[in-house]
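Laid out in structure tokens, this is it:
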């Protein structure tokens, strides 16, 4: 894992509001620092809401608070619930006589907030810090007091390889602060408060903030690798910040303006401008390369395209050798094609992969340097070049007798100006086959090829990326839908995993249900979207974990407490003895405990139904002497539901989600290769014998993918371990239930048999067996 800093929020004082602030972000200060695999958050402004996915992966979080001004802690209202009862360690200094715990509780607590942090998360721990360094795992944390009204702490975090300083809310007091220079000495990055322009500072110096100019000067004197200007004014628009960043970059190449969502790898290259992309500007040079361009544009196979690119570059420059690298997400250059004519070498592609380690982005490596800078590097003779490390080529030459002399490296960029790879050419030859240097004309021609190559590589990836984006969007909608009910959060994901594993098995065994890639994608999308109609289902019905609704349960419980008070009142009036009162109170609460058991039970036998009916038909004496029923009609009707927790009306509401699924998906204009999604997803509650819903379709109207989705849906519903209204079944019992439904003519036996053979559920974690008395009907409705 790279040592990095993610800028979750970069505004100061207050969040910004409006589209003109969107690119740099609207949220206030929050930074997530990762060193040696340990994550530490610094400040908790509103930007913390970007951290949801990261927090889900962390077992605990360490939060350093610089000070308790609102823009640095306003995100605590969101962070504490986001921690989901995982440990949260909050560190900070005492300011104005208040400990960090007291400062936090002034905001997150009465009267401003209804409860204190530990009420939302029992695992909140406060750590009062002082001037001495302390450790968080492998990270050493040092502190420095800031020049800021009310007090503020600056932090330096040192890992084994990299270090960073977070200098939020800092006033440089008219000059480069010596203490901060020493504090930041030789770090990889300083995040600096650039809230004010130079003109603003002259009139607002007492506000306790600084300027980008002074931050750059301090960073230079401290020998800092990079400086990130943050804590942007909430009134500075994207255009304002763009203009300022371009101005400062000319004077300070290692400076950049941070923006929300940016992840900066410590020790890595300075990120590009927030709103700007490079334009290669080389299209006019492609006229002499039309044939090469046409061939590249017509090639749809990525590996063949790589070969064509490097061969074209070698051909046009008469190079003896060439290598094509791609820059991947791990920030390393990966070998794709390697050719050397003299040595008869051709490696790369699916049939002969290159087993060489990827090249890290080190400026001492010539290919990495070209990728980092985005510039062409042309070296006449590697033997006389001391700028780059050519020890590898020299060793290779010594082993093979080859003579590497001239080298030219040209970066490939996509249409947004991002480097996606490099072309390395070695040993240009003249007409007589003698070694010569690469010329300026060679640079121009290969740069033209590289420019077109970047576009072609991007185009090949485009269709795949669009499909992945669509699938990701669909999964996001599905997971968001499932998340409406916490117990249902994994339903669609589990089904998709089971389906993918089943299709993998069919492909590997050449089974009867094997599909091509288009069919596979269509079926998986149908699985992800099968419950989209639940967007229209009331959450109280979806979440109903007991027979009684919440309001009916509260009323019934209140009635039993009232009956107890009435008994006590009657005893006080002498209407019964103390012994009689205690005996009747015992009977009262035994009756109540029985009703609680009924309310939570998965299945009610005849004896339980009979007793509920007896209670419902009996009365109790009110304080005024009138007789009232022990249970209302609504309560007794709900408590006598034999299986599950839903009344018939509620069950109908749940069943209607399939109708809405069909309507919603039917209204979408799916591409041709996804044309069956609506019908497959919308029939997952239909059975072969016509007993399903909502349209009571029969076998003739149900394709095998629709039948498979029905099986997957029921199987996941039976084996899921996170449902509040019943225990889960083990796989064996679930398969037995499905086989019984095959015998009843509801499910496809051939598909079920093949599914059982595939063992697609192997990676799922399931728990204890379900009661033999519980029925399938309510699970099918609720799942």
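In the working numbering, the protein residues as written are 90 to 872.
Just so you know, even glycine gets a beta-carbon here, dropped at the ideal spot from N, CA and C.
From a predicted model like this one, the values you see are computed outputs, not experimental measurements.
Item: Cβ neighbours of residue 683 in the same chain (closer than 6 Å, five flanking residues each side left out); Value: none
Item: Under the three-state DSSP convention, the category residue 328 falls into; Value: helix
Item: Cβ-Cβ separation, residue 344 to residue 318 (assumed contact under 8 Å), whole Å; Value: 7 Å
Item: Residue span of the alpha helix (DSSP H) that contains residue 495, given as start and end; Value: Where residue 495 is concerned, there is no enclosing alpha helix (DSSP H), given that its DSSP letter is neither H nor E.
Item: Host alpha helix (DSSP H) of residue 719 (start-end); Value: Taken as a continuous stretch (DSSP letters only), residue 719 belongs to no alpha helix (DSSP H), as it is neither H nor E.
Item: Distance between residue 414 and residue 537 (C-alpha atoms, nearest Å); Value: 17 Å
Item: Stretch-stretch touch, CB-based, cutoff 8 Å, three pairs: the region 270-290 with the region 310-330; Value: yes
Item: Separation of residue 818 from residue 365, as counted between CA atoms; Value: Summary for residue 365: the model assigns pLDDT 35, below 50, so the residue's position carries little reliability; its value from the coordinates is reported in the next sentence. Rounded to the nearest angstrom, the two C-alpha atoms are 55 Å apart.
Item: Exposure label - residue 401; buried when at least 16 CB within 10 Å; Value: buried
Item: Pair within 8 Å by beta-carbon distance, residue 497 and residue 464; Value: no
Item: Proximity below 8 Å, CB of residue 453 to CB of residue 477; Value: yes
Item: Touching by the beta-carbon criterion (3+ pairs, under 8 Å), the region 296-308 and the region 246-264; Value: yes
Item: Contact belief for residue 120 with residue 94 at Cβ below 8 Å, rounded distance in angstroms; Value: 6 Å
Item: 7 Å CB neighbourhood of residue 160 in its chain, flanking five on each side removed; Value: 101, 102, 103, 117, 118 and 134
Item: CA-to-CA distance, residue 178 to residue 332, given in whole angstroms; Value: 39 Å
Item: 8 Å Cβ cutoff met for residue 347 and residue 280; Value: yes
Item: Cβ neighbours of residue 844 in the same chain (closer than 7 Å, five flanking residues each side left out); Value: 591 and 800
Item: Burial state of residue 235, where buried means 16 or more other Cβ atoms lie within 10 Å; Value: buried
Item: Stretch pair the region 747-754 + the region 768-782: three plus CB contacts closer than 8 Å; Value: yes
Item: Boundaries of the alpha helix (DSSP H) in which residue 269 is found, first to last residue; Value: 267-272
Item: Environment of residue 287 [buried if 16+ CB atoms lie within 10 Å]; Value: exposed
Item: Residue 391 - containing alpha helix (DSSP H), residue span; Value: 391-406
Item: Nearest-angstrom Cβ-Cβ length linking residue 744 and residue 709, presumed shorter than 8 Å; Value: Actually they do not touch by this definition, with Cβ atoms about 38 Å apart.
Item: Same chain, Cβ closer than 6 Å to residue 659, five either side skipped, listed in chain order; Value: 665
Item: From 471, 495, 418 and 511, residue whose alpha carbon lies closest to that of residue 457; Value: 511
Item: Cutoff 7 Å; reference residue 838; Cβ partners in own chain excluding five residues on either side; Value: 831
Item: At least 3 beta-carbon pairs within less than 8 Å: the region 730-738 vs the region 688-700; Value: yes
Item: C-beta contact flag for residue 933 and residue 184 at 8 Å; Value: In this structure the chain extends from 90 to 872, so residue 933 is not present and cannot be described.
Item: Sequence-distant residues of the same chain with beta carbon closer than 6 Å to residue 711, five excluded per side; Value: 717
Item: Three-state class that DSSP yields for residue 598 in the structure shown; Value: helix
Item: Distance between residue 507 and residue 764 (C-alpha atoms, nearest Å); Value: 36 Å
Item: Pairwise C-alpha distance: residue 829 and residue 786; Value: 20 Å
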